[in-house]
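Residue numbers (our numbering): 834 to 988.
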(Lines of atoms letter the chains of each structure in order from A; the text may use other names.)
(Lines give C-alpha, C1' and ligand atoms only; values in the text may rest on other atoms or scores of the structure.)
Protein backbone atom coordinates (compact mmCIF):
# COMPACT_ATOMS: atom_id res chain seq x y z
CA UNK A 834 0.00 0.00 0.00
CA UNK A 835 2.82 2.40 0.84
CA UNK A 836 4.37 1.92 -2.61
CA UNK A 837 1.07 2.93 -4.20
CA UNK A 838 0.86 6.13 -2.14
CA UNK A 839 4.48 7.05 -2.87
CA UNK A 840 3.89 6.50 -6.57
CA UNK A 841 0.70 8.62 -6.52
CA UNK A 842 2.58 11.54 -4.93
CA UNK A 843 5.20 11.32 -7.68
CA UNK A 844 2.49 11.59 -10.36
CA UNK A 845 0.70 14.61 -8.91
CA UNK A 846 2.51 17.93 -8.81
CA UNK A 847 2.86 19.60 -5.43
CA UNK A 848 1.08 22.86 -4.81
CA UNK A 849 4.30 24.88 -5.09
CA UNK A 850 5.14 23.31 -8.46
CA UNK A 851 1.57 23.96 -9.60
CA UNK A 852 1.89 27.62 -8.54
CA UNK A 853 5.14 27.99 -10.50
CA UNK A 854 3.34 26.49 -13.51
CA UNK A 855 0.57 29.08 -13.13
CA UNK A 856 3.19 31.84 -13.04
CA UNK A 857 4.70 30.57 -16.30
CA UNK A 858 1.30 30.16 -17.93
CA UNK A 859 0.30 33.68 -16.86
CA UNK A 860 3.51 35.09 -18.32
CA UNK A 861 2.91 33.50 -21.72
CA UNK A 862 -0.76 34.52 -21.78
CA UNK A 863 0.10 38.11 -20.81
CA UNK A 864 2.91 38.38 -23.37
CA UNK A 865 0.69 37.00 -26.15
CA UNK A 866 -2.15 39.29 -25.10
CA UNK A 867 -0.48 42.68 -24.52
CA UNK A 868 3.33 42.29 -24.95
CA UNK A 869 4.00 44.43 -21.85
CA UNK A 870 7.76 43.96 -22.13
CA UNK A 871 7.65 46.18 -25.25
CA UNK A 872 5.66 48.99 -23.56
CA UNK A 873 7.09 52.06 -21.88
CA UNK A 874 5.79 53.14 -18.47
CA UNK A 875 2.35 54.70 -18.64
CA UNK A 876 -1.33 53.94 -18.98
CA UNK A 877 -2.85 51.92 -21.81
CA UNK A 878 -6.40 51.00 -22.69
CA UNK A 879 -7.85 48.18 -24.77
CA UNK A 880 -11.30 48.65 -26.25
CA UNK A 881 -13.34 45.92 -27.95
CA UNK A 882 -17.00 45.53 -28.89
CA UNK A 883 -18.08 44.15 -25.50
CA UNK A 884 -17.96 47.67 -24.01
CA UNK A 885 -15.70 46.71 -21.08
CA UNK A 886 -12.48 48.64 -21.48
CA UNK A 887 -9.37 47.04 -20.04
CA UNK A 888 -6.74 49.28 -18.47
CA UNK A 889 -3.10 48.29 -18.28
CA UNK A 890 -0.72 50.50 -16.38
CA UNK A 891 3.00 49.86 -16.72
CA UNK A 892 4.16 51.25 -13.39
CA UNK A 893 7.83 50.29 -13.31
CA UNK A 894 10.31 48.89 -15.82
CA UNK A 895 13.58 47.38 -14.64
CA UNK A 896 16.10 45.30 -16.59
CA UNK A 897 14.44 42.00 -15.69
CA UNK A 898 11.11 42.92 -14.09
CA UNK A 899 7.96 44.89 -14.84
CA UNK A 900 5.35 46.11 -12.38
CA UNK A 901 1.84 46.27 -13.89
CA UNK A 902 -1.74 46.90 -12.91
CA UNK A 903 -4.51 45.31 -14.94
CA UNK A 904 -8.10 46.37 -14.41
CA UNK A 905 -11.46 47.02 -16.02
CA UNK A 906 -13.10 50.41 -16.29
CA UNK A 907 -15.66 49.36 -13.65
CA UNK A 908 -15.70 51.25 -10.35
CA UNK A 909 -16.50 49.57 -7.02
CA UNK A 910 -19.16 51.72 -5.35
CA UNK A 911 -17.78 51.05 -1.86
CA UNK A 912 -14.09 51.75 -2.49
CA UNK A 913 -14.28 54.07 -5.50
CA UNK A 914 -11.49 52.01 -7.13
CA UNK A 915 -11.55 50.07 -10.38
CA UNK A 916 -12.45 46.43 -10.06
CA UNK A 917 -11.47 43.71 -10.71
CA UNK A 918 -7.88 44.76 -10.37
CA UNK A 919 -4.65 42.77 -10.31
CA UNK A 920 -1.21 44.02 -9.36
CA UNK A 921 1.33 42.01 -11.37
CA UNK A 922 5.07 41.49 -11.32
CA UNK A 923 6.53 40.13 -14.54
CA UNK A 924 9.99 38.54 -14.50
CA UNK A 925 11.13 38.76 -18.11
CA UNK A 926 14.29 36.70 -17.57
CA UNK A 927 12.50 33.80 -15.84
CA UNK A 928 9.37 34.06 -18.02
CA UNK A 929 6.93 34.16 -15.10
CA UNK A 930 4.17 36.60 -14.14
CA UNK A 931 2.91 36.70 -10.58
CA UNK A 932 -0.30 38.26 -9.32
CA UNK A 933 0.87 40.05 -6.18
CA UNK A 934 -2.62 40.95 -5.09
CA UNK A 935 -6.09 41.28 -6.53
CA UNK A 936 -7.53 43.65 -3.96
CA UNK A 937 -7.36 47.31 -5.02
CA UNK A 938 -5.23 49.37 -2.66
CA UNK A 939 -4.40 46.43 -0.39
CA UNK A 940 -1.26 44.40 0.07
CA UNK A 941 -1.04 40.72 0.95
CA UNK A 942 -0.38 41.39 4.65
CA UNK A 943 -3.53 43.55 4.81
CA UNK A 944 -5.63 40.72 3.39
CA UNK A 945 -4.14 37.79 5.33
CA UNK A 946 -2.89 39.52 8.48
CA UNK A 947 0.65 40.21 9.69
CA UNK A 948 1.91 36.62 10.22
CA UNK A 949 -0.21 34.14 8.23
CA UNK A 950 0.86 30.50 8.09
CA UNK A 951 2.79 29.51 4.96
CA UNK A 952 -0.05 27.21 3.88
CA UNK A 953 -2.50 30.15 3.97
CA UNK A 954 -0.19 32.32 1.86
CA UNK A 955 0.30 29.53 -0.68
CA UNK A 956 -3.46 28.92 -0.92
CA UNK A 957 -4.09 32.64 -1.40
CA UNK A 958 -1.43 32.88 -4.13
CA UNK A 959 -2.94 29.86 -5.88
CA UNK A 960 -6.39 31.50 -5.88
CA UNK A 961 -5.07 34.87 -7.13
CA UNK A 962 -2.98 33.38 -9.90
CA UNK A 963 -5.72 30.94 -10.91
CA UNK A 964 -8.04 33.94 -11.20
CA UNK A 965 -5.44 35.76 -13.32
CA UNK A 966 -5.13 32.76 -15.66
CA UNK A 967 -8.89 32.65 -16.21
CA UNK A 968 -9.13 36.44 -16.60
CA UNK A 969 -6.35 36.59 -19.22
CA UNK A 970 -8.01 33.72 -21.10
CA UNK A 971 -11.34 35.55 -21.00
CA UNK A 972 -9.77 38.81 -22.25
CA UNK A 973 -8.23 36.98 -25.21
CA UNK A 974 -11.58 35.35 -26.00
CA UNK A 975 -13.24 38.79 -25.97
CA UNK A 976 -10.75 40.04 -28.58
CA UNK A 977 -8.39 42.10 -26.43
CA UNK A 978 -4.87 42.07 -27.80
CA UNK A 979 -1.79 44.13 -28.45
CA UNK A 980 -3.67 45.31 -31.58
CA UNK A 981 -6.49 46.82 -29.49
CA UNK A 982 -4.12 48.40 -26.96
CA UNK A 983 -3.46 52.13 -27.21
CA UNK A 984 -1.83 54.72 -25.00
CA UNK A 985 -4.38 56.27 -22.62
CA UNK A 986 -3.78 59.99 -22.61
CA UNK A 987 -5.23 61.97 -19.68
CA UNK A 988 -8.22 64.13 -20.60
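Where is the CB? At the ideal position from N, CA and C, for every residue including glycine.
(request) My understanding is that residue 955 touches residue 867, with C-beta atoms under 8 Å, so please give their C-beta distance in whole angstroms. (result) Not really, about 27 Å apart at Cβ, beyond 8 Å.
(request) Whole angstroms is fine: what's the gap from residue 968's alpha carbon to residue 918's? (result) Approximately 10 Å, taken between the alpha carbons.
(request) Assign residue 907 to buried or exposed, taking buried as 16 or more other Cβ atoms, counted over all protein chains shown, within 10 Å of its Cβ. (result) When all chains shown are included, residue 907 counts as exposed.
(request) Could you tell me the distance, in whole angstroms, from the CA atom of residue 987 to the CA atom of residue 896? (result) Spanning the two alpha carbons is a distance of roughly 27 Å.
(message) Assuming contact is defined by CB atoms lying nearer than 8 Å, are residue 929 and residue 857 in contact in what I supplied?
(response) Going by C-beta atoms, residue 929 is nearer than 8 Å to residue 857.
(message) Going by DSSP, what residue range makes up the alpha helix (DSSP H) through residue 981?
(response) Taken as a continuous stretch (DSSP letters only), residue 981 belongs to no alpha helix (DSSP H), as it is neither H nor E.
(message) Which residue marks the beginning of the beta strand (DSSP E) containing residue 899, and which one marks its end?
(response) 898-905 is the span of the beta strand (DSSP E), which, as asked, contains residue 899.
(message) Quick check on the DSSP output: the beta strand (DSSP E) that includes residue 796 runs from which residue to which?
(response) The structure shown does not extend to residue 796, since the chain is modelled only from 834 through 988, so no value can be given for it.
(message) Can you list, in chain order, the residues of its chain with a C-beta nearer than 6 Å to that of residue 920? Leave out the 5 residues immediately preceding and following it.
(response) If the five residues before and after residue 920 are omitted, its C-beta is found closer than 6 Å to the C-beta atoms of 902, 933 and 934, all from its own chain and listed in chain order.
(message) Here's the rule I'm using: 16 or more other beta-carbon atoms within 10 Å means buried, otherwise exposed. How should residue 898 be labelled?
(response) Exposed: under 16 other Cβ atoms inside 10 Å.
(message) Helix, strand or coil, according to DSSP, for residue 893 in the structure here?
(response) DSSP, read as helix, strand or coil, puts residue 893 in strand.
(message) Taking 8 Å as the limit between beta carbons, can you name the residues of its chain near residue 853, skipping five residues before and five after?
(response) 929.
(message) Beta-carbon within less than 8 Å of residue 877's beta-carbon, same chain only, minus the 5 sequence neighbours each way: which residues are those?
(response) 867, 888, 889, 890, 891, 982, 983, 984 and 985, listed in sequence order.
(request) For residue 931, collect the residues of the same chain with a Cβ closer than 6 Å to its Cβ; drop the 5 residues on either side in sequence, then sort them by chain order. (result) 856 and 922, listed in sequence order.
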